[in-house]
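Working notes, structure below.
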């Protein structure tokens, strides 16, 4: 029992995380589903009305049938006319309104519109609706239970004993099927989302150091300056291991890989979680540090890095491992990231030309016209 409770709790936690992390994709999926579901509702309603006239002697549509069609058509037009990127909240409200509309009309047709006939579609609606859209659990199951209770109340009030018994039994069966089907569908969605997140995380990380790779670093950096410009306070460091090829040639690629991994670990320890750190490729690393604009602090960080690298490599590399660092500092400026990176890279080459194992710090110069 404890394992079952834990599994259910885990499912709903994953569901909440899914709703929080994939809002854009969920909104797009819900909007697409709403468009086709609303169109299918109109098509099926017209089809069933025609078939009822042809196959059931003396059948006449109730007022609820007649109102259901234009309302469904209005929802369908509204869904298809929405332009641009769907917003999560407005899409959720529209999908919720569609479910309420569908539940309400199907229940009214099955009870108020035909009190002497057994329900045909309420159970189907109760099974299908919870799996149709990705909505918060409170909305999904809240609407389901409200629909079930409303149906039961109307059935008991309006239908005769035998028909009411069968309808209520059908609703109970439909409720259990609805919960099982919706959980299975949601579990499938969660697994697909989690697999996608794992793939995206792997695609953004360097496999050797677990730092951001070049593409991911540039994406996050562009986003950083979009948020902080026109007054960005930061520094960008480009770090290169000196004579790394000689380390590989002398000690082998396995030792070289350990050095690259160790550099990544040390950088993660020395800088803050809010700083962006990446392995740029080969033996180069990038660090975008928010509000780290004091040159003395930057040079102290360089010295700490030197000391930590020496400690980490002393066991398997006999000679000192050194590195060079070029840094560009932006102090409340409108920063073009490509320029910032180019100037930091130029500072690195100056450090290399100065004899390596040194840090060159420059002030950012915005070359773009204001």
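In my numbering, the protein residues as written are 1029 to 1398.
Positions of the beta carbon are idealized from the N, C-alpha and C atoms, including for glycine.
When the alpha-carbon of residue 1233 is set against those of 1116, 1333, 1307, the nearest one is in 1307.
In the DSSP assignment, residue 1357 falls within the unbroken beta strand (DSSP E) covering 1351-1361. Excluding the 5 residues flanking it on each side, residue 1066 has same chain C-beta neighbours closer than 6 Å at 1103, 1104, 1107, in chain order. Judged by beta-carbon spacing, residue 1294 lies beyond the 8 Å limit of residue 1345, meaning their Cβ atoms are not closer than that value.
For residue 1323, the enclosing alpha helix (DSSP H) stretches over residues 1323-1341. Residue 1358 is a Cβ neighbour of residue 1262, given a cutoff of 8 Å. Under the three-state reduction of DSSP output, residue 1347 falls in the coil class, being neither helix nor strand. Here residue 1274 is exposed: its Cβ has fewer than 16 other Cβ atoms, across all protein chains shown, within 10 Å. For the pair of segments examined, the region 1360-1376 was found to touch the region 1250-1270: the number of CB pairs separated by less than 8 Å reaches three. If you look at residue 1162, you'll find it isn't in any alpha helix (DSSP H); DSSP assigns it neither H nor E.
In terms of Cβ geometry, residue 1311 and residue 1288 form a close pair [threshold 8 Å]. With contacts defined by Cβ atoms closer than 8 Å, residue 1119 and residue 1055 form a contacting pair.
Collapsing the DSSP output to three states places residue 1043 in a helix. Collapsing the DSSP output to three states places residue 1149 in coil. Of the residues assessed, residue 1088 falls on the exposed side of the cut-off, its CB having fewer than 16 other CB atoms within 10 angstroms. With a cut-off of 8 Å on Cβ pairs, the region 1110-1128 is in contact with the region 1165-1176, counting three or more such pairs. Contact between residue 1382 and residue 1304 is ruled out by a C-beta separation of about 26 Å, above the 8 Å threshold. If the five residues before and after residue 1135 are omitted, its C-beta is found closer than 7 Å to the C-beta atoms of 1150, 1175, 1178, 1179, 1182, all from its own chain and listed in chain order. Between the alpha carbons of residue 1321 and residue 1123 lies a gap of roughly 49 Å. For residue 1390, DSSP records a beta bridge to 1356.
In the DSSP assignment, residue 1233 falls outside any beta strand (DSSP E), carrying neither H nor E. Shown here, residue 1203 sits in a helix according to DSSP, grouped into three states. When secondary structure is reduced to three states using DSSP, residue 1309 falls in the strand class.
Around the CB of residue 1212, fewer than 16 other CB atoms lie within 10 Å, so the residue is classed as exposed. In summary, residue 1291 is buried, with 16 or more beta-carbon neighbours lying within 10 Å of its beta-carbon over all protein chains present. In this structure, residue 1160 lies near residue 1061, with their beta-carbon atoms less than 8 Å apart. Exposure of residue 1370 is indicated by the presence of fewer than 16 other C-beta atoms within 10 angstroms of its C-beta. Residue burial is scored here from C-beta neighbours: residue 1379 has at least 16 other C-beta atoms within 10 angstroms and is therefore classed as buried. Residues 1298 of the same chain have their beta carbon placed closer than 8 Å to that of residue 1332, with the five preceding and five following residues left out of the count. When DSSP states are grouped into helix, strand and coil, residue 1315 belongs to the strand group.
Just so you know, the alpha carbons of residue 1092 and residue 1043 end up roughly 36 Å apart. A straight line joining the alpha-carbon of residue 1079 with that of residue 1121 spans about 33 Å.
A straight line joining the alpha-carbon of residue 1097 with that of residue 1040 spans about 36 Å.
Beta-bridge pairing by DSSP links residue 1266 to 1314, 1354.
In the three-state reduction of the DSSP assignment, residue 1279 falls in the helix class.
Leaving aside the five residues that flank residue 1218 on each side, the residues in its chain whose CB is nearer than 8 Å to its CB run, in chain order, 1039, 1042, 1043, 1046.
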